[in-house]
Every structure is written in structure tokens, then in C-alpha cells.
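Peer 1: Heads up: the sequence lines are chains A and B, in that order.
Mapping to the working numbering: the first sequence position 169 is 169, numbers consecutive.
In the working numbering, each number is its position in the second sequence, counted from 1, plus 382.
Number of protein chains: 2
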Amino acid sequence: MKILILGGDGYLGWPTAMHLSARGHDVACVDNYLRRNLCSNEDGDPLFPTPRLPERASIWKSVSGKDVQVFIGDLTQWDFVSEVFRAFTPDAIVHYAEQPSAPYSMLSRRAASLTLANNLQTTANCVFAVREFCPQAQIVKLGTMGEYGTPNIDIEEGWLDVEHKGRRQRFLYPRQASSLYHTTKIMDTDMLWFYVRTWGLAVTDLMQGPVYGITTQESGSDERLMPFFNYDELFGTVLNRFLVQAVAGVPLTVYGSGKQIRGYLNIIDTVNCVRLALEKPAGPGELRVFNQLTETFDVLTLADMVQKAGNAMNLDVRVQHIPNPRKEAEEHYYNPAYTGLADLGLKPTLLTDEILRSMLQLVLKHKASIRPQSIFRGVKWA
Amino acid sequence: MKILILGGDGYLGWPTAMHLSARGHDVACVDNYLRRNLCSNEDGDPLFPTPRLPERASIWKSVSGKDVQVFIGDLTQWDFVSEVFRAFTPDAIVHYAEQPSAPYSMLSRRAASLTLANNLQTTANCVFAVREFCPQAQIVKLGTMGEYGTPNIDIEEGWLDVEHKGRRQRFLYPRQASSLYHTTKIMDTDMLWFYVRTWGLAVTDLMQGPVYGITTQESGSDERLMPFFNYDELFGTVLNRFLVQAVAGVPLTVYGSGKQIRGYLNIIDTVNCVRLALEKPAGPGELRVFNQLTETFDVLTLADMVQKAGNAMNLDVRVQHIPNPRKEAEEHYYNPAYTGLADLGLKPTLLTDEILRSMLQLVLKHKASIRPQSIFRGVKWA
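1. Would you please verify whether the beta carbon of leucine 502 (chain B) is less than 7 angstroms from any beta carbon of chain A?
2. Buried or exposed: where does glycine 602 (chain B) fall if 16 or more other Cβ atoms within 10 Å of its Cβ makes it buried?
3. Taking a contact to mean a Cβ-Cβ separation below 7 angstroms, would you say valine 379 (chain A) touches methionine 106 (chain A) in this structure?
4. Where does threonine 526 (chain B) sit, in a helix, a strand or coil, going by DSSP?
5. Quick check: the segment 665-673 of chain B against the segment 584-593 of chain B, are at least 3 beta-carbon pairs closer than 8 angstroms?
6. Chain B beta carbons: is any one of them nearer than 7 angstroms to that of isoleucine 93 (chain A)?
7. Where do the ends of the alpha helix (DSSP H) carrying isoleucine 757 (chain B) lie?
8. Shorter than 7 angstroms from the beta carbon of tryptophan 60 (chain A) to some beta carbon of chain B?
9. Along the beta strand (DSSP E) that carries tyrosine 264 (chain A), what are the first and last residues, could you check?
10. Would glycine 540 (chain B) be called buried (16 or more neighbouring beta carbons within 10 Å of its own) or exposed?
11. Please report how far the alpha carbon of leucine 496 (chain B) lies from the alpha carbon of proline 533 (chain B), in whole angstroms.
12. Quick one: using the 10 Å Cβ neighbour count with 16 as the cut-off for buried, is asparagine 507 (chain B) buried or exposed?
13. So, at 7 angstroms on beta carbons, what are the nonlocal neighbours of alanine 57 (chain A) in its own chain, with the 5 sequence-adjacent residues on each side left out?
14. At the level of alpha carbons, what is the spacing between alanine 724 (chain B) and isoleucine 643 (chain B)?
15. When you compare the CB of tryptophan 381 (chain A) with every CB in chain B, is at least one pair closer than 7 angstroms?
16. Please report the Cβ distance between arginine 623 (chain B) and isoleucine 757 (chain B), rounded to the nearest whole angstrom; I am assuming they are in contact, meaning their Cβ atoms lie under 8 angstroms.
17. Please work out which residues of its chain come closer than 6 angstroms, Cβ to Cβ, to histidine 321 (chain A), disregarding the five sequence neighbours upstream and downstream, and give them in chain order.
18. Determine the chain A residues that contact phenylalanine 576 (chain B) at a beta-carbon separation under 7 angstroms, and present them in chain order.
19. Please report the straight-line C-alpha distance between alanine 137 (chain A) and phenylalanine 470 (chain B), rounded to a whole angstrom.
20. Select from A:Phe48, A:Leu75 and A:Asp45 the residue whose C-alpha is nearest the C-alpha of alanine 117 (chain A).
21. Using a cut-off of 9 angstroms between C-beta atoms, extract the partners of serine 113 (chain A) located in chain B.
22. According to DSSP, simplified to helix, strand and coil, what is threonine 676 (chain B)?
23. Cβ of alanine 479 (chain B) within 7 angstroms of Cβ of leucine 574 (chain B)?
24. Give every residue of the same chain whose Cβ lies closer than 8 angstroms to the Cβ of alanine 494 (chain B), excluding the five residues on either side of it in the sequence, and list them in chain order.
25. Can you tell me whether histidine 19 (chain A) is helix, strand or coil according to DSSP?
26. Using a Cβ cut-off of 7 angstroms, pull out every chain A residue sitting near aspartate 449 (chain B), in sequence order please.
27. DSSP state of alanine 719 (chain B), grouped into three classes?
28. Between which two residues does the alpha helix (DSSP H) holding cysteine 126 (chain A) run?
29. Would you be able to state if there are at least three C-beta pairs under 8 angstroms between the segment 385-399 of chain B and the segment 458-477 of chain B?
30. Alpha carbon to alpha carbon, how far is proline 730 (chain B) from serine 446 (chain B)? Give it in angstroms, no decimals.
31. Could you name the residues of the same chain whose beta carbon sits closer than 7 angstroms to that of leucine 742 (chain B), not counting the 5 residues immediately before and after it, in chain order?
32. Mark glutamate 55 (chain A) as exposed unless 16 or more other C-beta atoms lie within 10 angstroms of its C-beta, in which case mark it buried.
33. Determine, for glutamine 245 (chain A), whether the minimum Cβ-Cβ distance to residues of chain B falls below 7 angstroms.
34. Rounded to whole angstroms, what's the CA-CA distance from lysine 66 (chain A) to histidine 182 (chain A)? Just pull it up for me.
35. Could you tell me whether the segment 15-22 of chain A touches the segment 39-51 of chain A, using the rule of 3 or more Cβ pairs below 8 angstroms?
36. State the Cα-Cα distance for the pair leucine 350 (chain A) and asparagine 266 (chain A), rounded to the nearest angstrom.
The following block contains the structure:
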């Protein structure tokens, strides 16, 4: 299958590219390094340097014998989009090309505007490009569990059957998110659902929880093939950030009570989920939605697990509750369904002490590079 | 009350400005003539010329003695937005500043991109400006009944109480629209709802049905004070278009079966609804939603009413069913609630033969200017 990965330089984009390439697919990556540049502008460098895409592709070629094409440019610009889709007419598109940070989207008016314009325009261009250049191609879009928020009823996989005054209707599961970033993903869903119905697109929306991890089968222990490992408040996902705080000897920053429950998954599962969705695609005119998580934790439990694993390695790990800078429910019902990807064949890689230990070991190796002042800055929601 | 009208040059913007000004409010209008320019680019001139905003404001001053300030510029540009909000710090904002045509949004990739970028960025800038310059100000936003689509259950006013597996949650009423334009209004709602919850904004969302009419109490019979009367497929609303077809002697173009039911209202009611919402505002942190319609008709009934009124005036009015260029349900359940604005005091101006006759008379006066070839072009949804 010819697979075009939009946002192929990202935390998930590059591991996905290698994984699909290793499985025999013909892969191309597109990126404009937006995330690299934002991280750099906001003083949030990753734990260790990550080569740019052409160099990664060349390293990957040397270890796997496989080619990954690279296109560098801005997917909000149609002239570039059309060039890419003419040069590499894909059978499938994996769309990661979004500003992915909730706190970044709340940082300032300009950051919010950038998030809104970038995320919506890349999604629109992806739709228009499929329509114009490869109308049969499927789209696999990364959504987020954050679109649902924390409703007081079970979170179903994408859809909700409503009975109201004796009549019935199936709706997209109602979404209400807790950051502008997450809200742009709701808007993406609105847009994709409209064009699925109108133009018969085949779309899978993967509603993903926070991802942790750094190594995949394809990266092995070669750090040059690993994704960005950001640990700052803006671009580091929560568990990755806790691991760096544990090693740096600064307290793990738990927001408020820490009772916020989310669904998590290992980056190894992310790449498998995306592959499974691609290999058993949605049909024309279908918006297929999967909730992409493998287990749920509250934040305090995650912090406790990191503390325990760290202390077992003679790190002095402390946990600190700080006033929640976000506006979110701290105590809430949370019961998401997530059977669809398991039905497609996903074998979950659950969080274990062993996994925490191996991640802590990798972080320890780079302990000298950690810049503790960049970990927490306290972006306030209101 | 100091009221800033975004999109004050539009079909509804200018009549709203006069109405609020006549009621003693201090009104300013902002516009970049986007709609004028799009109409002109797409060869869809209104039935008779409409002076630009400064001239309208000056005519209004001469007939009413009241000042309406005018700002000409692009609300997607923050430097302009901040200039306007510094110069005229409003107590309330009425936000009409959107590309308002469903068929235009389906015309081409560029038209879709323009609609998306313009509508979302103006709404975002409106939110950011309130936050920065006038955090207590209320926002009255024009939504559309089209956001709901045609679900198989009753359409409530903005919210839906869901019972699911023995638990309950109130959600924004799920929305699924039938054009990209209508979808951008859903996205607006998503964004406003997020910032209402996060920043405590006071927002009223008026979910309006198709509007008809041309004269209001304030315009009287002075055509220079009347709004655009577009009759082309892109920018003319359906009843206005039928009236022009009736006078021009071309068949009324009914799409498909004509069984599509929508909720309609007279432009006189629109300006009253907006005023009522402003004068009894939403509270801080409240997203208040009203369904803004006064009666429902299917399209064929509207066509029949125009035919009857026209034939009574010795026009030879024919009705033609044409293949539906849109993708929409033609036979569907439709039962929207619309009691909220009546509770605020709206006295509906229902559609009568008398109203149709007086509109036909106005159109007849300009019969020589009608360009029949611009009425229907058949923009296809798929």
C-alpha cells in the first residue's frame, strides 16, 4: 500500500513511518517541522537530538534496506499539497499534521490562532487532495479521547444512539473538550463527517489517549531512530514528563487532586493501531471511529507508579500536588469503551514496572542534558 | 448599550444596526465588504444597488438624527480587530461576520477554504477581543438551524438531555449539517462553548432558519436603507429567489421533491430577536441557545404560495422540479422547538399573502434589472 504520512516528523509520525515501511508498505512522510520550531521557540528541546527527516530516512534505509520518501513543506499551502499528491499518489493517508499541544494552544492568542488555522486547514487540504487526486484513498486521522471530555455517561466508540420522546437517532457521540487544541480536533471531526457523507470518503478516526514511550520495535535501541522525547509542559506527554522529573530530582507535578482519569497507551500500540486501521480500512462513505487506549489511570496513580519504579532504582522521587492551572473536572465519571481496535487484532502493551524501568534507564543516560527549568511553566487556562 | 455589529454591511447586519440605533443604542458597524465582493465576483448582483456603509450611515443620520459609526476592515486580521475594539469598547457584540452562503462554500476548493478560514478566524478574534478589551461584554452570535440538520428526533433549543445505561448527561444538541458553510457554524459553536466554559464569556447563539424579506420598520420604503436583495442561487435565500423568478417569468426552481422542511422567519423578526437577546442578556459563563424561526414550511409549499400570490397579480408563475444538486434528505422528520424567543417577547410576523404581494410589488418595480441567467447555476454538492 502507498501510504502518505502527514506530520511524518512528529512524535508518532516517524515511528509510524518506520513501522509501516518495515511491514512492506511504500511510505512517504510530509512535514514542515512546525513542532520542532515551536518547541525550539518555546525553549522546550527534547531530551536528546533527533535528526531531521532526510537523515532519519537515510539511517532507516541503512538498517532496513527500505526507502521512505520525504517531502518538506507546509500542508496549509495548497500549491505544496497538490505537488505532494501528484508526486506520490497514495492509497492511504495518515493525518498527524496538527499542532498537538493543549497547553500550547492556551498559551496566547497567537498560539491559539496558529493552532486553529493550522489544524483546520491541513485537515481541509487533506480532504480536498483526496477528492482531487485519489478519491479512493482512505484517510486515517488521529483524533483524541480529549474530544469527549469527561461526560457523566459511558463514552462509546464515536457514536451514540439516543432515544428521545419515543423516537431514535444515532449521532456522532457529543464532544466537549477542555482545550482549544482538543476543540480543533472536534472541528476536524465535524468537517470529516460532513465530507464523508457528501463525497463518500473512507475515514477512520482514532480517538487516542495520551501516549507514552519512546522505543518501538523498529527503532530498537538506536536513538537516532527514536521520536522526539519532549518532557516540557507544552510538548511532553504526562508520563514522559514524570519520568524526566523523577530522574532530574524535581517533584512530579500533579495538577490538583490528581484524580483526573484518562486512557493511556504505549507508542508501540499507537503504531500498531494505525497499521491495523489501514490494513482493514473503512469503506467508502464510512466514518469509522475507534477509541485508542489500552488502560485507564488517574494521574496520581501514574505518579505513584513512577515514584515506586524510580525509588527501586535509588532515585529520590517525590510527588507534589500543585494548583491545577487547567480548567477541567478533577473528580469525574470515566468509562470509555475501547473494544474496536482489539477486535481488529491489537495486542496491548500494558504499562509495567519493567517498561517504566527501561524508560527511566534511557532518561538516566541523558540526565546531564535535562533542563529542569523548562519542565514546568504553568500555562494557565483562565 | 454600546453595540458593535460585526458584518454590519450584510443582509441582516445593516437592518440590525438601524433597528438597534432607533431603539436608542449606540451602534457601530464593522465590515470588509466580503459579501459584496464575492457576489460581484460570482456575477450575482443584488436586485437594486445598495450604498456602501458610510453613505448608509449618513442617510440614516439624516432620517433618524442618530449616528452609526463605521469601521471598514478585515476581522480576520488582529491588528484591525484590536484597533476597532480600542476605538469602540462595546458592551455587546453582534457577530454576523461570516461567509453566509451554503452553495458558495460548495463551489470550489478555494471557496471552501475561504469560508473555513474567514468564519473560524473572525469568531476566534471576536472571542479574543472580548477577553482582552471588554471581558464583561456579551456576544450575540448568529448560528443556523442548518447546524442541526434533519435528525429523526425533535430538535430542542441547543441542548439535549441524554439518558444512557442508567446515567444522565446534558450535551450540546448534536449537530450534523449539510454544507461546509453550515459545518463552519457548528465549529463556531464548538469554539464558543469551549471559551464560555473556560473564560466565562456570556454568549447567545441564535440558531436561525432561512430569512426572507427586505423592508423593516427602520428602512420604511427608502430603498437606500434596505439590505442587499440577492436573488441568485449563491446569495439569495430561497423565498427571495422564488419571488424574483416569479416576476422574471422563469420557473421557480424546486430541488427534488421539494419536501425539505425548514423553519423560516421574516427579516423584521430577525432584528427583533437580536434586540431581545441583547436586552435580556446571557449571564457570564452561559451559552444560551435559541432556535430562531417562526414557522416551518416545506419548499414546495413556499413555491405554491408564491405561485398563488403571483398569479393573483397576473404573473404567469410556474414551478419546476429539478434534480436536487444538494446532498440532503428530501423526506424527513422535522420538529424543532422554538419557544425561547417568544418567551423573551417576540411577536412573530408570519408569512401572509399580503407580505408576498408587497414583496412582489417591490421586485416588479425592478423587473428590468433582473438578470435571469444569474438566478440558477446548479452548484453541485457531490
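Backbone N, C-alpha and C define an ideal beta-carbon position, used for all residues, glycine too.
Peer 2: This is what the structure holds:
1. Output row for leucine 502 (chain B): interface = yes.
2. So glycine 602 (chain B) ends up on the exposed side.
3. Judged by beta-carbon spacing, methionine 106 (chain A) lies within the 7 angstroms limit of valine 379 (chain A), meaning their Cβ atoms are closer than that value.
4. Secondary structure of threonine 526 (chain B) (DSSP, three-state): strand.
5. With a cut-off of 8 angstroms, the segment 665-673 of chain B and the segment 584-593 of chain B count as touching, because enough Cβ pairs lie within range.
6. Closer than 7 angstroms to the CB of isoleucine 93 (chain A) there is not a single CB belonging to chain B.
7. That residue, isoleucine 757 (chain B), is in no alpha helix (DSSP H); it is neither H nor E in DSSP.
8. Cβ-Cβ to chain B under 7 angstroms: no for tryptophan 60 (chain A).
9. If you look at tyrosine 264 (chain A), you'll find it in the beta strand (DSSP E) that goes 261-266.
10. Its Cβ being crowded by 16 or more others within 10 Å, glycine 540 (chain B) is buried.
11. Going by the C-alpha atoms only, they are around 28 angstroms apart.
12. Buried is the call here.
13. Contacts found: Val68 and Val70.
14. The alpha-carbon atoms of alanine 724 (chain B) and isoleucine 643 (chain B) are separated by roughly 21 angstroms.
15. By this cut-off, tryptophan 381 (chain A) is an interface position.
16. Distance from arginine 623 (chain B) to isoleucine 757 (chain B) at the Cβ level is roughly 7 angstroms; contact confirmed, criterion being Cβ atoms closer than 8 angstroms.
17. Only residues of its own chain outside the window of five on either side were considered, and among them Val254 have a CB closer than 6 angstroms to the CB of histidine 321 (chain A), listed in chain order.
18. Those within 7 angstroms of phenylalanine 576 (chain B) in chain A are Ala177, Leu180 and Thr183.
19. One C-alpha to the other measures close to 50 angstroms.
20. Selection A:Phe48, A:Leu75 and A:Asp45 evaluated against alanine 117 (chain A) yields A:Leu75 as nearest (Cα-Cα).
21. The contacting residues are Trp460, Gln503, Ala506, Asn507 and Phe510.
22. Note: threonine 676 (chain B) maps to coil in three-state DSSP.
23. The answer is no: Cβ separation not under 7 angstroms.
24. Excluding residues within five positions, the ones whose Cβ falls inside 8 angstroms are Ser487, Met488 and Leu562.
25. Of the three classes helix, strand and coil, the one that applies to histidine 19 (chain A) here is helix, per DSSP.
26. Chain A residues near aspartate 449 (chain B): none, gap ~31 angstroms exceeds 7 angstroms.
27. Residue state, collapsed to three classes: coil.
28. Cysteine 126 (chain A) -> alpha helix (DSSP H) spans 109-133.
29. Verdict: yes, contact present.
30. Taking the Cα positions, serine 446 (chain B) is about 25 angstroms away from proline 730 (chain B).
31. These residues qualify, in order along the chain: Leu625, Ala628, Val629, Ala691, Gly692 and Met695.
32. That one is exposed.
33. Closer than 7 angstroms: no.
34. Roughly 35 angstroms separates the two Cα atoms.
35. Fewer than three pairs of CB atoms, one per stretch, sit closer than 8 angstroms, so the segment 15-22 of chain A makes no contact with the segment 39-51 of chain A.
36. The alpha-carbon atoms of leucine 350 (chain A) and asparagine 266 (chain A) are separated by roughly 7 angstroms.
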